[in-house]
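Notes follow the structure.
Listed below in structure tokens is the structure:
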């Protein structure tokens with residue numbers, strides 16, 4: 001199956017525990033790899049869980065609290081040691097290059113690869129990447145420091161052709177590329193054969209929303225509408241809703257409300273406060289509102305299957 | 311038993327592997343805690359192995375390659391989140407505060423505690439700390455970046471008094487403090503009772519040498535003479551001696567030579583290149599020269615027992 005797969009590397013909030021690492025998710029879209037947040041220890045976690053470390057080309061950093069970016073300098077260093085040549089694109093607050101500059105300068109050698117820094121816009125949502133496999137939108141959220149959620153939408157797949165129909169209409173090979181892209185076929189008699197007769201229904205474009213470190217923002221549900229997988233932070237349980245609001249975090253209940261309002265396919269909660277030794281309480285709270293909910297764990301892999309549109 | 315105990319948190323060299331973390335050792339001397347190097351993930355490893363995280367007062371950073379200090383910013387941040395009040399002493403190259411300054415400044419809040427930076431001297435050995443429990447000497451070594459080894463020597467213990475002798479000579483309670491410190495007792499008749507008649511032989515002062523990221527330096531053996539535990543880097547095996555010399559690292563064979571020349575009690579090797587999936591080769595190589603050798607592993611705890619001088 002063509003992958004659209006999320007690997008969870010860290011699920012804790014600011015204070016790490018013996019079980020939970022800081023935030024980092026890896027998204028594999030058709031064997032292209034995207035890292036979302038990069039807390040301390042991310043490179044170790046990638047090794048541990050067999051992530052294709054060297055193939056990450058784009059890194060998205062939601063905000064500049066340490067638990068979301070302290071692993072970046074180690075990763076940048078390891079890529080240098082490994083002689084990386086491929087450009088590395090980093091999407092973050094514009095301050096990040098300055099924060100890391102003294103340490104990068106200290107490495108002594110020139111970097112063997114180029115880092116291309118992309119400053120995020122914290123005023124409005126923007127398409128920050130649109131390539132062959134995925135479109136990424138940054139979405140400002142409400143936290144103590146400027147912070148963005150990210151919505152990843154798979155690029156449209158080529159259509160699968162129906163061989164028996166190609167034979168029936170004697171479609172020449174030269175036309176197949178266009179037909180896979182959605183074109184109709186016009187035969188020698190100028191008769192139009194609509195694309196729908198030549199191909200199977202398209203595959204649904206899969207999507208993943210990563211939404212961490214934010215107060216509850218019901219207005220985001222429009223942007224997340226029908227997302228296949230919503231990752232939403234659930235730092236606290238609902239008895240700590242006041243604390244959540246004060247610190248610009250969300251409760252498990254609120255994460256589930258967001259999933260429900262967005263009509264998400266599946267909710268994944270994480271970024272758990274270190275006060276919860278056992279997160280069943282948070283999971284149960286979320287499931288009361290939105291049944292199809294999973295609590296994130298280090299090493300968890302979630303595959304979103306392809307479906308045909310009907 | 312009064313502890314003099316080393317906990318190993320990371321044993322890898324520059325590139326982390328799925329099994330090995332970056333360098334960090336914790337030394338517990340009589341329940342005072344000292345951190346030596348602080349690679350990425352050190353705070354996670356401390357949690358994992360139950361190290362008394364908050365009680366570390368002194369951190370020693372051998373040099374400014376990332377695998378020896380990238381975990382420091384996370385630790386500094388966690389101490390802030392935990393409301394630490396106790397001063398934190400950091401011994402390192404004088405550039406370290408500047409490297410971390412942009413990130414520390416970014417934390418927004420004032421730190422709840424004071425960081426006291428102690429620049430290391432890379433020209434000659436120095437006593438950098440001498441308190442109630444330990445004396446620490448920094449020892450310049452030869453690496454691509456200025457680097458120090460550290461020698462930890464336990465402070466002399468109070469002597470144990472022999473109760474039957476105190477009774478025999480009718481020593482008043484007010485004199486016991488001085489006798490435990492080594493004083494003779496002069497009785498009412500001006501007769502001198504030598505301390506050795508009143509106390510058991512003293513405990514040997516235990517010692518630990520931490521020597522990482524260095525070319526082989528036979529001249530160090532004088533400074534390490536009779537050390538109880540020598541940790542010496544063994545990045546390579548002896549077939550890679552040329553590579554070791556070029557990169558200012560040591561082989562397992564050289565680490566063992568150092569232990570032998572120093573008359574160390576026990577050798578611990580670590581900082582293994584990621585090329586060695588199995589480090590038996592390195593361990594066997596070292597044991598050929600110095601039998602009492604252990605290969606470091608994450609979570610390993612080495613207790614140095616107290617012994618009386620005869």
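Protein chains in written order, with my numbering: chain A, 1 to 310; chain B, 311 to 620.
C-beta: ideal position from N, C-alpha, C; glycine also.
### Distance CB(residue 90 of chain A)-CB(residue 206 of chain A) smaller than 8 Å
Within the first chain, the letter at position 90 stands for residue 90 of chain A. Within the first chain, the letter at position 206 stands for residue 206 of chain A. Judged by beta-carbon spacing, residue 206 of chain A lies beyond the 8 Å limit of residue 90 of chain A, meaning their Cβ atoms are not closer than that value.
### Query
With 8 Å set as the bound, which would you pick, yes or no: does the beta-carbon of residue 14 of chain A sit closer than that to a beta-carbon of chain B?
As a position in the first chain, residue 14 of chain A is number 14, starting the count at 1. Yes, residue 14 of chain A lies at the interface with chain B (some Cβ there is under 8 Å from its Cβ).
### Query
Are residue 374 of chain B and residue 403 of chain B close, meaning C-beta to C-beta below 8 Å?
Against the second chain, residue 374 of chain B aligns to sequence position 64. Against the second chain, residue 403 of chain B aligns to sequence position 93. In this structure, residue 374 of chain B sits near residue 403 of chain B, with a CB-CB distance shorter than 8 Å.
### Task
Determine the contact status of residue 331 of chain B and residue 355 of chain B, defining contact as a CB-CB distance below 8 Å.
Residue numbering aside, residue 331 of chain B sits at position 21 when the second chain is read from its first letter. Residue numbering aside, residue 355 of chain B sits at position 45 when the second chain is read from its first letter. Yes.
### Simplified DSSP state of residue 312 of chain B, which is helix, strand or coil
Residue 312 of chain B sits at position 2 when you count from the first residue of the second chain. For residue 312 of chain B, the three-state secondary structure derived from DSSP is coil.
### Query
Going by DSSP, which residues form a beta bridge with residue 450 of chain B?
Counted from its first residue, the second chain places residue 450 of chain B at position 140. Note: residue 450 of chain B is bridge-paired with B/458 in the DSSP secondary-structure output.
### Message
For chain A, check one thing: does any of its Cβ atoms lie closer than 8 Å to the Cβ of residue 391 of chain B?
### Response
Indexing the second chain from 1 puts residue 391 of chain B at position 81. For residue 391 of chain B, the answer is yes, since a Cβ of chain A falls inside 8 Å of its Cβ.
### Query
Looking at the C-beta of residue 400 of chain B, does it have a partner C-beta in chain A at a distance below 8 Å?
The count along the second chain starts at 1 and reaches residue 400 of chain B at position 90. For residue 400 of chain B, the answer is no, since every Cβ of chain A falls outside 8 Å of its Cβ.
### Query
What are the residues that DSSP puts in a beta bridge with residue 135 of chain A?
Here the question's residue 135 of chain A lines up with position 135 in the first chain. Paired residue(s): A/130 and A/153.
### Query
Whose C-alpha, out of B/312, B/314, B/311 and B/322, is nearest the C-alpha of residue 542 of chain B?
Stepping through the second chain from its first residue, residue 542 of chain B is reached at position 232. The alpha carbon of residue 542 of chain B has as its nearest neighbour, out of B/312, B/314, B/311 and B/322, the alpha carbon of B/322.
### Buried or exposed (CB count within 10 angstroms, at least 16 for buried), residue 27 of chain A
The residue labelled residue 27 of chain A in the question sits at position 27 within the first chain. Residue environment analysis places residue 27 of chain A among the buried positions, since at least 16 neighbouring C-beta atoms fall within 10 angstroms of its C-beta.
### Message
Using CA atoms only, rank isn't needed, just tell me which of B/488, B/589 and B/599 is closest to residue 605 of chain B.
### Response
Looking up residue 605 of chain B in the second chain gives position 295. The option with the nearest alpha carbon to residue 605 of chain B is B/589.
### Task
In angstroms with no decimal places, state the Cα-to-Cα distance between residue 100 of chain A and residue 412 of chain B.
If you number the first chain from 1, residue 100 of chain A lands on position 100. If you number the second chain from 1, residue 412 of chain B lands on position 102. So the alpha carbons of these two residues sit roughly 8 Å apart.
### Task
For residue 264 of chain B, decide whether its Cβ has a neighbour in chain A, counting only Cβ atoms nearer than 8 Å.
Here chain B covers residues 311 to 620 and nothing more, so residue 264 of chain B does not appear.
### Task
Tell me whether residue 73 of chain A sits in a helix, a strand or coil according to DSSP, three-state version.
The residue labelled residue 73 of chain A in the question sits at position 73 within the first chain. Helix, per DSSP.
### Cβ contact (3+ pairs, closer than 8 Å) linking the region 488 to 497 of chain B and the region 466 to 474 of chain B
Judged by Cβ distances under 8 Å, the region 488 to 497 of chain B makes contact with the region 466 to 474 of chain B, as three or more pairs qualify.
### Message
If distances are taken between C-alpha atoms only, which option among B/456, B/415, B/537 and B/620 comes closest to residue 525 of chain B?
### Response
By 1-based counting over the second chain, the position of residue 525 of chain B is 215. If we check each option's Cα against that of residue 525 of chain B, B/456 comes out closest.
### Query
For residue 260 of chain A, which residues of its own chain have a beta-carbon under 8 Å away from its beta-carbon, when the five flanking residues on both sides are left out?
Reading the first chain from its first residue, position 260 is the one you call residue 260 of chain A. Excluding residues within five positions, the ones whose Cβ falls inside 8 Å are 289 and 290.
### Query
Which value, in whole angstroms, describes the spacing of the CA atoms of residue 42 of chain A and residue 10 of chain A?
To locate residue 42 of chain A, count along the first chain from 1; it is residue 42. To locate residue 10 of chain A, count along the first chain from 1; it is residue 10. C-alpha separation (whole angstroms): 8 Å.
### Message
Would residue 642 of chain B and residue 494 of chain B qualify as a contact pair, given that the criterion is a beta-carbon distance under 8 Å?
### Response
Any answer about residue 642 of chain B is impossible in this case: the structure gives chain B only from 311 up to 620.
### Task
Write down the C-beta distance between residue 236 of chain A and residue 273 of chain A rounded to the nearest angstrom, noting that I regard them as a contact closer than 8 Å.
Within the first chain, the letter at position 236 stands for residue 236 of chain A. Within the first chain, the letter at position 273 stands for residue 273 of chain A. Going by Cβ atoms, the distance from residue 236 of chain A to residue 273 of chain A rounds to 6 Å, so yes, they are a contact pair.
### The beta strand (DSSP E) enclosing residue 266 of chain A, as first and last residue numbers
Counted from its first residue, the first chain places residue 266 of chain A at position 266. Where residue 266 of chain A is concerned, the enclosing beta strand (DSSP E) stretches over 266 to 270.
### Short CB-CB distance (under 8 Å) between residue 362 of chain B and chain A
As a position in the second chain, residue 362 of chain B is number 52, starting the count at 1. Judged by the 8 Å Cβ criterion, residue 362 of chain B is not in contact with chain A.
### Message
For a contact defined as C-beta to C-beta under 9 Å, what are the partners of residue 277 of chain A on chain B?
### Response
Here residue 277 of chain A is taken as the residue at index 277 of the first chain, counted from 1. Simply none; closest approach about 12 Å.
### Task
Kindly identify the DSSP beta-bridge partner or partners of residue 308 of chain A.
One-based indexing of the first chain puts residue 308 of chain A at position 308. DSSP lists A/203 as the bridge partner or partners of residue 308 of chain A.
### Query
Mind pulling the chain B residues with CB within less than 7 Å of residue 77 of chain A?
Against the first chain, residue 77 of chain A aligns to sequence position 77. Among the residues of chain B, those whose CB is under 7 Å from the CB of residue 77 of chain A are 376, following chain order.
### Task
Closer than 7 Å, Cβ to Cβ, to anything on chain B: give me those residues from the region 89 to 123 of chain A, in chain order.
Per Cβ criterion, the list reads 98, 99, 102, 103 and 106.
### Task
Spell out the partners DSSP gives residue 521 of chain B in its beta bridges.
Here the question's residue 521 of chain B lines up with position 211 in the second chain. In the DSSP output, where bridge partners are listed per residue, residue 521 of chain B has B/542.
#### Entry: Contact between the region 337 to 349 of chain B and the region 378 to 386 of chain B (3+ Cβ pairs under 8 Å)
Below 8 Å, enough C-beta pairs join the region 337 to 349 of chain B and the region 378 to 386 of chain B to call them touching: three or more.
### Message
Is residue 492 of chain B near the ligand ATP - that is, is its Cβ less than 7 Å away from at least one heavy atom of it?
### Response
The model on display carries no ligand, and the ligand ATP is accordingly not part of it.
### Message
Under 7 Å, CB to CB, which of the residues in the region 336 to 364 of chain B have a partner in chain A?
### Response
Taking 7 Å as the Cβ-Cβ cut-off against chain A, the residues of the region 336 to 364 of chain B that qualify are 350, 351, 353, 354, 357 and 358.
### Query
Among A/4, A/256, A/251 and A/203, which has the Cα closest to the Cα of residue 287 of chain A?
Residue numbering aside, residue 287 of chain A sits at position 287 when the first chain is read from its first letter. Cα-wise, what sits closest to residue 287 of chain A is A/256.
### Task
If I'm right that residue 533 of chain B touches residue 461 of chain B with Cβ under 8 Å, what's the distance once you round it to whole angstroms?
Mapped onto the second chain, residue 533 of chain B falls at position 223. Mapped onto the second chain, residue 461 of chain B falls at position 151. Right, the Cβ-Cβ distance comes to about 6 Å (below 8 Å), so this counts as a contact.
### Message
Suppose only complete runs of 4+ residues qualify. What are the alpha helix (DSSP H) ranges in the region 323 to 404 of chain B, listed by chain order?
### Response
Runs found: 352 to 358 and 382 to 391.
### Task
Please list, in chain order, all residues of the same chain as residue 297 of chain A whose beta carbon is under 7 Å from its beta carbon, the five residues on each side excluded.
Stepping through the first chain from its first residue, residue 297 of chain A is reached at position 297. Here the set comprises 8 and 11.
### Message
Please return the same chain residues whose Cβ sits closer than 7 Å to the Cβ of residue 442 of chain B, not counting the five positions on each side in sequence.
### Response
By one-based count along the second chain, residue 442 of chain B stands at place 132. The beta carbon of residue 442 of chain B is closer than 7 Å to those of 465 in its chain, skipping five residues each way along the sequence.
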